[in-house]
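**Q** Structure incoming, see below.
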Amino acid sequence: MRNRSSNDDATDRQLKLLVGLVVVLALGALGLDIWHATVTHAAMPNPILLATIFLVVAVAYRVKIDVRIHSSRSGSSWTEVPIMVGLVLIPIPWVVLCVAAGLTTIRLLNRAYSWNKGLFAVGKEVLVVSASGATFALLGVTPNATEPRATVGAIIAAYLVFWIVDELVFHPVIAVASQSTISKSFRQGLTTRAFSHLARLVTAIYVIEVLVSGASLLLLAFVPMVVACLHLWESRRLRTKQEREAWRQLADTTDELSSVDLNQVLYVAAGQGTRLFSADVVEIDLTGSGVNRVIRADADGVTYDGPGPRKFGGDSSITTDLETRDRSYRAGALVLDFHGKIRLTEFERYKLKTFASALCTAIRNAAAYAELQRLNEQNAFDAAHDPLTGLANRRELYERAEEYFGGRTDDGVVALLLIDLNHFKEVNDTLGHGAGDAVLREVARRLDDAAAPGDLVARLGGDEFAVLLVNLVTPALATHRAEQMLSALEATLEVEGMQITVEAAGGIALAPGSGGINELMRRADVAMYQAKRAGQPTATYAHSQDTADVGRLMLGGELQRAVAKQEFVVDFQPIVDLGSGEIISAEALARWQHPEHGYLTPMQFLETVERSGQLPAFADAVLDQALAAFCVWREAGYDLPVAVNVSPRSLLDQRFPATVLAQLSHHNVPADRLVLELAETLTISQLDTVGRALAELREAGVGLALDDFGTGVSPLSVLSHIPVNQLKIDRDFVTAVETSSEAAAVIRSTVDLARSLHLTVVAEGVESEPQRHALWELGCVAGQGHLFARPMAAARLLGALQRGSGGRPGSLAVPLHDGGAVVRLPRRRPSGGARSALPHQPA
């Protein structure tokens, strides 16, 4: 910030020099006037006439139209008329005396003016009066109160000299005071001034002509009224123009305040405030709102931005609270400082209040946006970091690893170090979880300090940590760096006054050529348990020591070919209304037509697919075939929703929801005709992770079903995390429904729970008619299983729909009741917006 006082001092010095020059010139002009009067033996004028001219001049000065330029006031008055008349009637020195006395009297009555402004005003008037009088003298006009003589040309010439000298003296001083240029000051309001001077000149000519012609003075009686009307009209016109310009400037400034950057709002307001209110200094004090900050600006811009207190606030300042119109929010105070004491007009006070309210709103909006940005950044940080240790979490580790596997980084050799603390459970059991948390925080700090630049340290959960090692020149360097990090844990640490030694085991895995982060994690996990079993601090993954199934590994190498050659096909098992036997939807089941191993079921290859990098392509291929089958059925007249199983690992992929919606759009299938089946064996941590993807799909209208219900973690916990439309009862309960009262109780409770949540229920593995009857009596209205049909190709399912059972197209079993024995309830849209294709449970 620059030093403001040096600028002000320079301006004050220039103003004093100009004022001094004007006063000296005025004294010289007055001396010449007195000398001329002495030489021409000018007579003493009539005291009554002298007093009249003094009074008229004083009144004309008093009713002048004020215009504020920074801290000074200028304006236009009707003093030219009495001065022109006075110069025709009495000698120049007496006119100068009347003008100086009248102006001084008015200045003394108005204490707001400083002495240097008063000297300048008197000196300027002496100069212009002297110049006009000299013009009259050169044109042969001799002052005479009894027989005045003056031609129109002489009056016009004297008035023009009056105007020119006034402009030459006035604008340089105003330009210095406003830190502008003379030309800019001269051009401002030139048209208005010219029109005003023309009106005064015509009035002066008329009055003088009446006096010169000796006509009745009654002809002058209406002059004050005309002058008053013209003055009022000019005043209104000038003020209207000023107010219009002020509102325009205020509107422009308000537009500039519509920024979300608080600094920009404050700097614009402080800088523009000097122009809007012609103030010398503007201060914005935010200390009243609890923020220790003050911004100060003058005509050249912001001069200070720092802690308070404010600098101004005396008699020459105007302070306004920065608060909204309803006073519900207060941001601080706005201070306008002037060189001298001033009084704002009613319009200026209203403009200041409007500006302060707009500034307060802008400050509140900018502060709210800054807080929102902070919260977004905090949320983004929280989403990627472990709340206990502050390290990266599993999600962040996976994203960083995906950048490597996606080829978006060039960090040399990459490896993963998986660390597990030995006997950590004993710390929690012995000292409590508070002590355990303290140990985890210290371990996290030491690992983070020991990590090399670029490495990512993450906490996966519990006492398990992972380090993504990057920029490795050679693979062997991974072991060296891992040993360094584990050695950082060897020093004892103090917890609740006790010395504790932390022991850990680490597994190292180099990034594989395929399989992605999941395979890398699996290999690091295998290596870590090898280290634990061997009692060593670290172990590096070796393929020869991997206990994984060799056949599964072999299949893993063939997945890419299977996806490329479309060896994965989809069969469909009908879902049937247990009461009517009608087909109401179908579940898509993937199969692998392996060229050597034959027809493989998901149980034989799905785990391998999930651990590979081919899962997105596999899921996309299954979804594509399922939706294509729906289109075939729809063209044949069967609007049959299709259900597709989804791996939890697919939901961890942020691109999965967009992939699903893209496939729906590609096949022109309504979102509510697709149901995604999720395994209820998901862990609670997985539910928290995939919640965003599920919410996005549900909001789009895709239906969600919870598969294998009752076999995983707490069912109520699952339902509180997943916005499902449908529950699928596991086949184990269906198989035992006839022989086990516990299985029947589980099914009934599931149906009751579903009814209360407006969900539908489907029973899996229906193998016999007694099971069908039992399920129907328990309230379950839909099922699938070998009783109705085995999984089949889409074309075969269409044929089954068309043939039907017992001459009833679209059915696979005889109804359990006569058509008129059951009154169907109107279908009700489940919560979440997706339509259900299933009938409601019987009451």
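Count the sequence shown with the numbering used here and you get residues 414 to 1256, in order. Virtual Cβ for every residue (Gly too), placed ideally from N, Cα, C.
#1: Any contact of the region 787-795 with the region 699-707, i.e. 3+ C-beta pairs under 8 Å?
#2: Taking the beta strand (DSSP E) that Val-827 falls in, what are its first and last residues?
#3: So for Gly-1245, helix, strand or coil by DSSP?
#4: Grab the span of the beta strand (DSSP E) containing Met-911 for me, first residue to last.
#5: Output yes or no for whether 7 Å exceeds the beta carbon distance between Met-497 and Ala-617.
#6: Is the region 742-762 touching the region 712-719 in the sense that three or more CB pairs, one from each, lie closer than 8 Å?
#7: Roughly how many whole angstroms lie between the Cα atoms of Ala-1108 and Leu-1064?
#8: Based on Cα-Cα distance, which residue from Phe-1043, Gln-1027, Ala-1001 lies nearest to Val-1057?
#9: By the DSSP assignment, the beta strand (DSSP E) with Arg-723 in it spans what residues?
#10: CB Leu-510 to CB Leu-438, shorter than 7 Å?
#11: Does DSSP put His-1079 in a helix, a strand or coil?
#12: Tell me the DSSP secondary structure of Thr-1148 in three-state form.
#13: Assign Lys-654 to one of three DSSP states: helix, strand, or coil.
#14: Going by C-alpha distance, which of Ala-1157, Pro-1070, His-1079, Ile-1160 is nearest Leu-1117?
#15: Give the straight-line distance between the Cα atoms of Asp-938 and Glu-1023, rounded to the nearest whole angstrom.
#16: Between which residues of its own chain and Ala-1187 is the CB-CB distance below 8 Å, once the five residues before and five after are set aside?
#17: Ignoring anything shorter than 4 residues, give me the alpha helix (DSSP H) runs that lie fully in the region 977-1043, in order along the chain.
#18: Since Ile-731 sits in a beta bridge, which residues does DSSP pair it with?
#19: Less than 8 Å between the CB atoms is what I'm expecting for Pro-561 and Leu-502, so what's the real figure, rounded?
#20: Just the Cα atoms here: how many angstroms apart are Leu-765 and Ala-659?
#21: Would you mind sorting Asp-984 into buried or exposed? The rule is 16 or more other CB atoms within 10 Å of its CB.
#22: Starting from the Cα of Leu-500, find the closest Cα among Ile-996, Ala-450, Phe-533, Ala-917 and give me that residue.
#23: Just to confirm, are Thr-1173 and Ile-1142 a CB contact at a threshold of 7 Å?
#24: Where do the N-terminal and C-terminal ends of the beta strand (DSSP E) with Asn-1058 fall, by residue?
#25: Helix, strand or coil: how does DSSP classify Phe-878 here?
#26: Roughly how far, in whole angstroms, is the beta-carbon of Leu-1210 from the beta-carbon of Pro-987, given that I think they are within contact range, below 8 Å?
#27: To the nearest whole angstrom, what separates the beta carbons of Val-535 and Ala-558, a pair I think is in contact under 8 Å?
#28: Hey, Val-1035 and Phe-1043: beta-carbon distance below 7 Å or not?
#29: Might you give, ordered along the chain, the residues of its own chain that have their beta carbon closer than 6 Å to the beta carbon of Gly-1233, omitting 5 neighbours on each side?
#30: Looking at Glu-903: is its Cβ nearer than 7 Å to the Cβ of Asn-835?
#31: Looking only at its chain, what residues have a beta carbon closer than 8 Å to the beta carbon of Asp-862, apart from the 5 residues adjacent to it on each side?
#32: Quick one: grab the DSSP three-state call for Val-1122.
#33: According to the neighbour-count rule (16 or more other Cβ atoms, all chains shown, within 10 Å of its Cβ), is Ala-1213 buried or exposed?
#34: Taking only the alpha-carbon atoms, compute the straight-line gap between Arg-1203 and Leu-1225 and give it to the nearest angstrom.
#35: Does DSSP put Glu-696 in a helix, in a strand, or in coil?
#36: Thinking C-beta only, is Leu-991 closer than 7 Å to Leu-1194?
**A** On the basis of the data shown:
#1: no
#2: 826-834
#3: Low per-residue confidence applies at Gly-1245: pLDDT is 41, beneath 50, and the placement is therefore not dependable, though the value from the model is reported in the following sentence. It is coil, neither helix nor strand.
#4: 911-913
#5: yes
#6: no
#7: 11 Å
#8: Ala-1001
#9: Per DSSP, Arg-723 belongs to no beta strand (DSSP E) and is neither H nor E.
#10: no
#11: helix
#12: helix
#13: helix
#14: Pro-1070
#15: 16 Å
#16: Val-1150, Glu-1151, Ala-1157
#17: 1015-1024
#18: Leu-749
#19: 6 Å
#20: 11 Å
#21: buried
#22: Ala-450
#23: no
#24: 1055-1058
#25: strand
#26: 7 Å
#27: The pair is not a contact, with the Cβ atoms about 25 Å apart (cut-off 8 Å).
#28: no
#29: Summary for Gly-1233: the model assigns pLDDT 39, below 50, so the residue's position carries little reliability; its value from the coordinates is reported in the next sentence. Nothing meets the Cβ criterion.
#30: no
#31: Ala-901
#32: The sequence as given places Phe at residue 1122; Val does not occur at that position. Looking at Phe-1122 - three-state DSSP - the assignment turns out to be strand.
#33: buried
#34: 11 Å
#35: strand
#36: Here the sequence assigns Val to residue 1194, which means Leu is not the residue at that position. Yes.
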